[in-house]
Amino acid sequence: EHLQTQHLSISPGAHVQYTFPQLFFYKPNLWWPNGMGKQSLYTVRISVDVKGYGESDLWSHLFGFRKIESHIDNATGGRLFKVNGQPIFIRGGNWILSDGLLRLSKKRYKTDIKFHADMNMNMIRCWGGGLAERPEFYHYCDIYGLLVWQEFWITGDVDGRGVPVSNPDGPLDHDLFMLCARDTVKLLRNHPSLALWVGGNEQVPPEDINKALKNDLKLHPYFKNSNETGNFTEDLS
Amino acid sequence: ASIGKTKLDSGWLAARSTEVGLSGTQLTTSHPPTGPAKPWMEAVVPGTVLATLVKNKAVPDPFYGLENEMILDIADSGREYYTFWFFTTFQCKLSENQHLDLNFRAINYSAEVYLNGQKRVLQKGMFRRHSLDVTDILHPDGQNLLAVLVHPPDHPGTIPPEGGQGGDHEIGKDVATQYVEGWDWIAPIRDRNTGIWDEVSISVTGPVKIIDPHLVSSFFDNYTRVYLHASTELENRSTWVAECSLSIQVTTDLEGGVCLV
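So the protein sequences, as listed, match chains G and S. The first sequence: position 84 = 84 (this note's numbering), numbered continuously. The second sequence: position 252 = 252 (this note's numbering), numbered continuously.
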């Protein structure tokens, strides 16, 4: 039941968006953060064959079935997280980047991230003055169950504070910022460890950027009707 | 050529742009560098200009003692000093109806690409991917020459004598990492992390290309009834209607090497 083939025609030179009919799974192994259960991962492969030619392209990615929710708790003002409907106490660490000359290696990522899991952490926060971390970083967070809080490239020190205030309106080119943000989201969005996008460090991005980020990153209406136990209303199915 | 991605992560050379008297067209046609002979050196790709200079001991290692003080800061040297050529070759012979993309997963901060004498521009921005369809400019004999001229961020800034978090904050005018002017936990990075800092690859496809699939799951009946929603962009780069069969397959490896399909 986990293999599905669809047929479609694409006009010459066309660029189309295609959505598969949803694939049903009965009680799949869920992905859990470090300390809450196994980090079950599935390999999803998408391939396209063209009549008269054969296999034209192939894509694959590790995928984890998990539902992550978070909200600001009115009593404490802190952000509460739930994974697969279960509340989780966040034990997190700050992350800037693994090498100041960007000699980023899988081996280094694996070692650093396993170290965080061994320290019994379940979240890593990628600081806004560093990088949008790389797929290899997220791959090992998927493997070792570290949720990731990923900040965009705004910091309180550089953007809109200080005497005199520096860069009160953030970067010069807001369209470029949004282009980079959108492309980064597309690069990283399929990783189960990705838990939270954050506008910046100790600072709210400029109004137009913040609004655009919130708009682009809001949950698609199709998935919005979730109730407490993480179920959607029946009619959605 | 077989369908799929090949990383270009070895055999790169680098040289300071001010020390190379040739154009990108000449470098990728009549006058390619032949090896790590001055001004060319072995390059670290992916990595930064400074990583290449440290590897070749052209500068002291900034992580030891006060050696970072011995390295010329871009504010004092000017942006050209850290504007570098990166050069490599790759072999690729396509069959009919195949396409080749040249992919840069991240460049800091902008670049000009020359392939077999043809120029393409990679726009500014440290956190964006670039994918160039280079099918039409591949060399007929399969041996391709690639040169990339990488420019530093537009606003590298100047480090005030007292240092401080983010130096003079000029780097914040660009869409780039901000720690590079120095912070309370790190000294300034002299090249502001200029370079081909993430994966370079070539990918072969047939007439139709899969772009950025998106996978989402939804949960019902207390996580016992689960759906996987998958969508993807597709591009038909041929001149005829492509009749496609699109397949999605989900597998998981159970213990003991048993694979559930």
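Cβ atoms here follow ideal geometry from the backbone N, Cα and C, with glycine treated the same way. Treat the numbers as computed from the prediction; the structure is a model and nothing was measured.
- DSSP links leucine 131 of chain G through a beta bridge to no other residue.
- With a cutoff of 8 Å on beta-carbon distance, glutamine 86 of chain G and methionine 123 of chain G are scored as not near each other.
- Contact fails between the segment 100-117 of chain S and the segment 57-75 of chain S, because fewer than three Cβ pairs, one in each stretch, are under 8 Å apart.
- Per DSSP, reduced to three states, the secondary structure at valine 165 of chain G is coil, with no helix or strand assignment.
- With the criterion set as a beta carbon lying under 8 Å from some beta carbon of chain S, the members of the segment 9-35 of chain G are Ser9, Ile10, Ser11, Pro12, Gly13, Ala14, His15, Val16, Gln17, Tyr18, Thr19, Phe20, Gln22, Leu23, Phe24, Phe25, Tyr26, Lys27, Pro28, Asn29, Leu30, in sequence order.
- Under the 10 Å beta carbon count, histidine 31 of chain S is surrounded by fewer than 16 other beta carbons and is classified as exposed.
- Within the segment 106-166 of chain S, the runs of beta strand (DSSP E) at least 3 residues long that lie entirely inside it are, in chain order, 110-115, 118-122, 130-133, 143-151.
- Going by beta carbons, tyrosine 109 of chain G and glutamate 136 of chain G fall inside the 8 Å limit.
- Among the bridge pairs identified by DSSP, tryptophan 240 of chain S is matched with none.
- When CB distances to chain S are screened at a threshold of 9 Å, the residues of the segment 89-109 of chain G falling below it are Ile96, Leu97, Asp99, Gly100, Leu101, Leu102, Arg103, Leu104, in chain order.
- Under the three-state reduction of DSSP, proline 87 of chain G is assigned to strand.
- With a 10 Å radius around the Cβ and a threshold of 16 neighbouring Cβ atoms, proline 21 of chain G comes out exposed.
- Contact annotation for histidine 139 of chain G against chain S: no contact, minimum CB-CB distance about 13 Å [criterion: below 7 Å].
- Contact annotation: the segment 49-64 of chain G touches the segment 202-213 of chain S, with at least three C-beta pairs closer than 8 Å.
- Note that the C-beta distance between arginine 120 of chain S and asparagine 103 of chain S is not below 8 Å.
- Between the alpha carbons of threonine 18 of chain S and alanine 58 of chain S lies a gap of roughly 16 Å.
- In this structure, DSSP gives alanine 195 of chain G an extended state, which the three-state scheme calls strand.
- Membership of glutamate 151 of chain G in any alpha helix (DSSP H) is not indicated; the residue belongs instead to the beta strand (DSSP E) covering 147-151.
- Three or more Cβ pairs closer than 8 Å define a contact, and the segment 48-63 of chain S meets that threshold against the segment 99-106 of chain G.
- If you look at tyrosine 18 of chain G, you'll find it in the beta strand (DSSP E) that goes 15-19.
- For threonine 194 of chain S, there is no enclosing alpha helix (DSSP H), as DSSP marks it with neither H nor E.
- Using a C-beta cut-off of 8 Å, the segment 185-205 of chain G makes contact with the segment 151-168 of chain G, since at least three inter-stretch Cβ pairs fall below that distance.
- Residue state for alanine 37 of chain S is assigned as coil, using DSSP reduced to three classes.
- A Cβ-Cβ contact shorter than 8 Å links leucine 62 of chain G with leucine 41 of chain G.
- Of the residues assessed, alanine 75 of chain G falls on the exposed side of the cut-off, its CB having fewer than 16 other CB atoms within 10 angstroms.
- DSSP, read as helix, strand or coil, puts alanine 14 of chain S in strand.
- No Cβ of chain G is located within less than 8 Å of the beta carbon of serine 95 of chain S.
- The straight-line gap separating the alpha-carbon atoms of threonine 177 of chain S and arginine 91 of chain G is approximately 26 Å.
- Rounded to the nearest whole angstrom, the CA to CA distance from tyrosine 223 of chain S to arginine 182 of chain G is 30 Å.
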